[in-house]
Amino acid sequence: MIDDKFLNEYEDILSQTERPSRYIGDEFGSFNKDFNKADGKFLFCFPDKYEIGISNFGHKILYNLMNKKENLLCDRLYAPDKDFIELLEKNNKSIYALESKRKPLEFDMVGFSLQYEMCYTTILKLLELSKIPVFSSKRDDSHPIIVAGGPGTSNPKPMSKFIDIFIIGDGEDVNIELLEKYIELKGKMPRNEIIKELAKIKGCYSPLVDNKATKRIAQLTYENHPIMSPISHFASIHDRAVIELRRGCGRLCRFCQASHINLPIRERKKEDIVKLTKEYVKNTGYDEYSLLSLSSNDHSQMEEILKDLNCHFKGSGINVSLPSQRADKFSLELANLASGEKRASVTIAPEAGSQRMRDVINKNLSEEQIVNATISCIKNGWTKIKYYFVIGLPFETYEDLEGIVKLIEKVNENCRLNGLKYPQITCSISVFVPKPHTPFQWARQNTIQEIEDKIKFLRDLKQSLKNVKFNFHNPKMSQLEAFFSRGDERLSDFIYELYKQGSYLDSWDENLNLDLYHQVAKKLNIDIEKEASKEIGENDTLPWENIFYGVNKSWLWNEYQKAKNAVATIPCEVKCNNCGVCSNFKTKKVIINP
360 MIDDKFLNEY EDILSQTERP SRYIGDEFGS FNKDFNKADG KFLFCFPDKY EIGISNFGHK
420 ILYNLMNKKE NLLCDRLYAP DKDFIELLEK NNKSIYALES KRKPLEFDMV GFSLQYEMCY
480 TTILKLLELS KIPVFSSKRD DSHPIIVAGG PGTSNPKPMS KFIDIFIIGD GEDVNIELLE
540 KYIELKGKMP RNEIIKELAK IKGCYSPLVD NKATKRIAQL TYENHPIMSP ISHFASIHDR
600 AVIELRRGCG RLCRFCQASH INLPIRERKK EDIVKLTKEY VKNTGYDEYS LLSLSSNDHS
660 QMEEILKDLN CHFKGSGINV SLPSQRADKF SLELANLASG EKRASVTIAP EAGSQRMRDV
720 INKNLSEEQI VNATISCIKN GWTKIKYYFV IGLPFETYED LEGIVKLIEK VNENCRLNGL
780 KYPQITCSIS VFVPKPHTPF QWARQNTIQE IEDKIKFLRD LKQSLKNVKF NFHNPKMSQL
840 EAFFSRGDER LSDFIYELYK QGSYLDSWDE NLNLDLYHQV AKKLNIDIEK EASKEIGEND
900 TLPWENIFYG VNKSWLWNEY QKAKNAVATI PCEVKCNNCG VCSNFKTKKV IINP
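Under the numbering used here, think of the first position of the sequence shown as 360, with each following residue one higher.
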């Protein structure tokens, strides 16, 4: 039950905000542990709105694991919307943890999730609202340790002035180790000395020490997976039970950071997946579950898993959600198992239109496989097809771009020859962003003008395709992502200045002020486009050199050279390609044979 004291204090504010259910807590499935009985107190802080944060699967894993420890407490805080912040400031009230209603200052550690570059200024605002100094150098023994994890820690430099400890790799084990070590050291040494000790834990990087850090690798055990999680009072972004099939992807598309930093491949056992799904759905009451993976139909027992689950949930009205299917492993049976009686849409990710470009990015897909998978769907009742493409890729030509339209024309031609009605095709087209720890980390991003010219070229070409819709990602947003992604410590000043001028929740289009970014850049003598579109040399020092995810830098560079010549690399499920992860970490991929 929500505490009466809290309601008395915040009732007027909650009644005036647009969506008070974001801020009251007491959700079904939350732990609500006794704050005073915990030896260690961790506040998980997600720098985006409640409905985004509560859907994040990594947040669910860590929240569950920490609270399962009897002596530890993990509470949650999500970024308030602007109307709630204005009401707090007007009434001189503090933000608070969702369950305990305690101020962030009362916790031992406050941990932020660095999921997306455009959330960085939001983190600074949340520190300010928590009455915690924004700069780590200004904090003293009365302040909690500020921790950050997630893909953004692959390059910690832009946030290095604000975060005390960055967690590199999987967080299942290291979060608990950090808090338990802090409990051991608290009160025995100054704050900075504690941070230096915490930095010695494998998987931890501290700007205070500027140490070299290697990632942590967690095993996908039954015990580490949640079978319950807090359920939002209203529909969240991904309002369903989520079960993780596997982690890592051996496809190693050269632009994809997630596939490279999450190696080695680790599959979860079929029996565990089925059991976890049944328990999660039963415990939460969701009418939909999602089988999560970077490439779900790469799981060696995918069809058997869905057969078992469909049999169990038959007649219950409970549906399954799957990410996009790989065209080279497209299974009509799998598509039917996933869709049941409904035939809403099927999503396929060619990424590039021409075969040459798919070889450049190491997609390991042929045009024939893409077309055959699409036609198979249409023949079996699907009327809507979604494709994912990326433009502005390294070594891309206009002929490669034309391949996107030619691919769709070939699908339409096959429909005509087979007497099939043309499907409704939606192409989601994003802009390439070079990411650390990938073969394309050295590559330049196209300028805004180059991307706009390519968008116009594609729009002109598609005019004859009446059954096709193109949705383009904002190239100006993609440029900012590239700017942050490969930035160095100079960006700390840039982020701070943006925050001081009101930048907050910039991942939402209605909040993003592009003019402000360029005004700040001009003030600090930074050229955003020059930084985003620069090509980095083989011998140049990378800002993230001291962060090691196991893939050898020489192997990444060799992949970059192979891309120049449009030479593909065999996926590691088929044959080890000696990237270095398994030998460097003395581990191995876990693939469950059917």
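Using N, Cα and C, we set each Cβ at its ideal position, and we do this for glycine too. In this text the structure is predicted, and so the values were computed from the model without any measurement.
- Excluding five sequence positions before and after aspartate 718, the CB atoms of its chain that fall closer than 8 angstroms to its own CB belong to Ala925, Val926, Ala927, given in chain order.
- With a contact defined as Cβ atoms closer than 8 angstroms, arginine 381 and tyrosine 422 miss out at about 17 angstroms.
- Within the same chain, Cβ atoms closer than 6 angstroms to the Cβ of aspartate 759 are found at Ser713, Met716, the five residues on either side in sequence being excluded.
- Where tyrosine 919 is concerned, the enclosing alpha helix (DSSP H) starts and stops at 912-923.
- In this structure, lysine 555 places its C-beta atom within 9 angstroms of the C-beta atom of serine 565.
- Three or more Cβ pairs closer than 8 angstroms define a contact, and the segment 813-828 falls short of that threshold against the segment 911-919.
- Excluding sequence positions up to five before and after aspartate 467, its CB lies within less than 8 angstroms of the CB of Gly399, Lys400, Phe401, Pro503, Ile504, Leu538, Tyr541, Ile542, Lys545, all in the same chain and listed in chain order.
- Beta-carbon to beta-carbon, valine 493 and tyrosine 855 are separated by about 7 angstroms, close enough to satisfy the 8 angstroms threshold.
- With a minimum length of 3 residues, the unbroken runs of beta strand (DSSP E) contained wholly in the segment 524-587 fall at 524-526.
- Rounded to the nearest whole angstrom, the CA to CA distance from leucine 779 to glutamate 869 is 41 angstroms.
- In the structure shown, cysteine 612 falls within a coil segment according to DSSP collapsed to helix, strand and coil.
- Each of Gly939, Ile420, Tyr781, Leu817 was checked against the Cα of aspartate 434, and the nearest Cα belongs to Ile420.
- For isoleucine 586, same chain residues with a beta-carbon under 7 angstroms away, outside a window of 5 residues either side, are Leu635, Glu638, Tyr639, Asn642 in chain order.
- Residue burial is scored here from C-beta neighbours: glutamate 429 has fewer than 16 other C-beta atoms within 10 angstroms and is therefore classed as exposed.
- Contact between lysine 452 and isoleucine 372 holds: CB atoms are separated by about 7 angstroms, below the 8 angstroms threshold.
- The count of Cβ pairs closer than 8 angstroms, one atom from the segment 879-896 and one from the segment 906-915, stays below three, leaving the stretches out of contact.
- Going by C-alpha positions, glycine 509 is about 6 angstroms away from glutamine 474.
- Straight-line spacing of the CA atoms in tyrosine 858 and lysine 484 works out to 7 angstroms.
- The three-state reading of DSSP puts glutamine 714 in helix, counting H, G and I together.
- Isoleucine 929 places its beta carbon 9 angstroms or farther from that of serine 659.
- When secondary structure is reduced to three states using DSSP, asparagine 669 falls in the helix class.
- In terms of Cα proximity to glutamate 386, the closest of Val940, Ile413, Val705 is Ile413.
- Only residues of its own chain outside the window of five on either side were considered, and among them Ile505, Lys520, Phe521, Ile522, Asp523, Pro566, Leu567 have a CB closer than 8 angstroms to the CB of serine 495, listed in chain order.
- The segment 758-830 is shown to contain whole alpha helix (DSSP H) runs of 4 or more residues at 807-820, in chain order.
- Residues Pro623, Cys941 of the same chain have their beta carbon placed closer than 7 angstroms to that of lysine 947, with the five preceding and five following residues left out of the count.
- Spanning the alpha carbons of aspartate 847 and phenylalanine 365 requires a straight line of approximately 43 angstroms.
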